[in-house]
Structure formats: structure tokens, C-alpha cells
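Numbering (this note's numbering), first residue to last: 498 to 772. Built from N, CA and C at the ideal position, the CB exists for glycine as well. Accompanying notes for the structure given below.
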């Protein structure tokens, strides 16, 4: 049995408490917003993945208006956001208009995006050149070595993995982010990565030396052995929580017994001792 399957079995015992009891001060917590939008909080450090998007296309959950308003207004629980990461430019992950408005409203937040997403922002009528200083655009092609960089107490490794359905949508710059907060907790967000082992083999050695406490793969990784093997032996993710789950949860996903986010507002405590 894979490490992910073992940890998922153990985690189900704590999910009820994780959904209803507020996390204790000092714990590292992953909060689910909608679709692939996740907020990770470690101490005073907060980062968001794919939080500002326009469409659920009637299939995936959208960010509630109340949450969006709090996000824009720097209100709890979205106060003190340090960085936002965008995995790719599809409408169920990213909105140029909302992201620009967010940066204008939240002048202390860094934004990390694929180069393609920055181009989309620059083409938007609301774009302002003075935003560029707070945006880190990652320029990667499929098969490139990982890009690594850091700001404040956040260390980032980014790799480009083809969008699901490859070789279709080959033009989409989909980034996988591994993010370490405060030299304490490491998480990985896969965006809409394709679950084909060939895309990941070259990175196995690196991630064997730099494992992630928690990963957020799109749910299709949890549906087949190849996907689980990628998470376990290529990316070295110790605990996987599926995202991009449709409003109507697929029966096949339910039957896996694995962890996933599907209820808006739920969260999981991240156990950093599980390494």
C-alpha cells in the first residue's frame, strides 16, 4: 500500500474534527475556498493558490461573493495575505480583472504567475504598470529544470507540467508550485497537471530530497494507480488532498476512501511531524 493510501486511512479518523473545530493557535492549516482555491496558514504567514477566478462552468464550485469581498477588503480570515500563486490562466482558476483589482486593493501582497498569465494581465484594460514590481512571472517550458526563488519567509520551487489531456492544450502554461513557509511546512499545488508519469521522472531525485508535507493534486490523480504513484514516488508528497472536485462528487472518487476538498469552508490541520 502506498504512503498516501496509508496516511489517508489515518486522516479519515480526524476529518470530522477538522471540519468543525477551530484550529488551535500555532497549527498549520489548509483552508478550502472553492474548486482549486486553497489557503495555507503557518503562523503569521498566509498564501493562496488559484483564489481569483470567474467561472465554475456549472460543474465546479465558485468562490462565494462574501469570501471574495473579504479577500478584497483584507478581512479575516484573508487578512495579512503574503502571496498569491496562480497555476495557469483558465477561467476556473484565474481572472485577470479580479487579480488586478486584488493587487490594487492589497498593496502588500506578492503574486506569482506563469509568464502567460502575466501577458493576460497586461492585456487587460485595468492593467497598471506599477503592479509589475509585485509580480514574479515564471518562464518555463515543458521539460525545463525547476525554477527556485524566495521572498521573505517563503521558498518556492516551480516546474511546468502539461495541462491534463496532454498533448491537447499543450499551449497552456500549467505550473506546479512547491512552497515552503517559514522553513517549517512544505506544500505542493499541482494546478491542472496531467497524470502521466513521463512528465515527472526527471524531477524525482530533486523531490526525494525535498518532500512535501501535503500536496493538492486535481482529483483525477486519486482515481488511478499511475496518479497515486506519481504523487508518492515522483513528487514525494506525504499526504494528498484532492482538489478540482465537481459540485457533484464523482462516485469513483468517493469510493477511493482518499482525502479531498469538496465542502466550501472546510479545512485540514497539517501535521508537520509526518515527515
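### Query
With a Cβ-Cβ cutoff of 8 Å, do residue 743 and residue 535 count as a contact?
Within the chain shown, the letter at position 246 stands for residue 743. Within the chain shown, the letter at position 38 stands for residue 535. The answer is no: Cβ separation not under 8 Å.
### Message
Which residue wins for smallest C-alpha separation from residue 576, given the options 583, 584, 585 and 566?
### Response
Within the chain shown, residue 576 is the residue found at index 79, counting from 1. Selected option, being the one with the closest Cα: 566.
### Query
Is the beta carbon of residue 609 sitting closer than 8 Å to the one on residue 585?
For this step, residue 609 is matched to residue 112 along the chain shown. For this step, residue 585 is matched to residue 88 along the chain shown. Against a cut-off of 8 Å, the Cβ pair of residue 585 and residue 609 comes out as no contact.
### Task
Indicate whether residue 712 and residue 676 have their beta-carbon atoms separated by less than 8 Å.
The sequence position of residue 712 within the chain shown is 215, counting from 1. The sequence position of residue 676 within the chain shown is 179, counting from 1. Contact: no.
### Task
Taking 8 Å as the cut-off, decide whether the C-beta atoms of residue 687 and residue 710 are in contact.
Here the question's residue 687 lines up with position 190 in the chain shown. Here the question's residue 710 lines up with position 213 in the chain shown. Result no, Cβ atoms of residue 687 and residue 710 do not sit closer than 8 Å.
### Query
Would you say residue 698 and residue 731 are within 8 Å of each other, going by their C-beta atoms?
Translated into positions along the chain shown, residue 698 becomes position 201. Translated into positions along the chain shown, residue 731 becomes position 234. Yes.
### Query
CB residue 582 to CB residue 703, shorter than 8 Å?
Counting from 1 along the chain shown, the entry for residue 582 is found at position 85. Counting from 1 along the chain shown, the entry for residue 703 is found at position 206. No, they are not a contact pair.
### Task
Using beta-carbon positions only, say whether residue 544 and residue 571 come within less than 8 Å of one another.
Counting from 1 along the chain shown, the entry for residue 544 is found at position 47. Counting from 1 along the chain shown, the entry for residue 571 is found at position 74. No; because the gap between Cβ atoms is not below 8 Å, this pair is not in contact.
### Cβ pair count under 8 Å reaching 3, the stretch 583 to 603 against the stretch 616 to 632
yes
### Message
Please report the distance separating the alpha-carbon of residue 601 from that of residue 723.
### Response
For the purposes of this step, residue 601 is identified with residue 104 of the chain shown, where counting begins at 1. For the purposes of this step, residue 723 is identified with residue 226 of the chain shown, where counting begins at 1. So the two alpha carbons sit approximately 42 Å from each other.
### Message
Within 10 Å of its beta-carbon, does residue 669 have 16 or more other beta-carbons around it, so buried, or fewer, so exposed?
### Response
Reading the chain shown from its first residue, position 172 is the one you call residue 669. Result: buried.
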